[in-house]
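If you're matching positions, the sequence shown starts at 22 in the numbering used here and goes up one per residue.
C-beta: ideal position from N, C-alpha, C; glycine also.
Written out below as structure tokens is the structure these notes cover.
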Amino acid sequence: MKEKEMTLQNKEGLHARAAAIFVRCANGFSSDINLKAHGDTVNGKSIIGIMSLGAYSGEKITIQADGPDEVEAVDSLAKLIEENFEM
């Protein structure tokens, strides 16, 4: 399993657009992907799950991936967050 903790820097946090972009990217990988924030863990391929975290700007989140492409998955998702979900 690969994981990376990050701080959300974009103004709106994991709002609908950011969550949709995250899910679109996550679904491109075969690994299981989870997202953790304030003690809760959700499926990183579920927009409803991600939005239910209510993660705001400045909060720490952890990306976890487990599977054959886990390194690439975490790296790609981390890059999305670092670039404030700009594609």
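Pick from the options that is closest to residue i, judged by C-alpha positions
{"i": "S52", "options": "E103, E26, L98", "result": "L98"}
{"i": "I42", "options": "M72, E93, G88", "result": "M72"}
Beta-carbon proximity of residue i to residue j, cut-off 8 Å
{"i": "V44", "j": "I82", "result": "no"}
{"i": "A76", "j": "I54", "result": "no"}
{"i": "E93", "j": "L29", "result": "no"}
{"i": "E104", "j": "M22", "result": "no"}
Buried versus exposed, by CB contacts within 10 Å (16 or more), residue i
{"i": "E26", "result": "exposed"}
{"i": "V95", "result": "buried"}
{"i": "A40", "result": "buried"}
Nonlocal neighbours in the same chain, by C-beta distance under 8 Å from residue i, ignoring five residues either side
{"i": "C46", "result": "S97, L98, L101"}
Neighbourhood of residue i by C-beta, 6 Å cutoff - its chain only, sequence neighbours within 5 removed
{"i": "G65", "result": "A47, I54, N55, L56"}
Start and end residues, alpha helix (DSSP H) containing residue i
{"i": "A41", "result": "37–47"}
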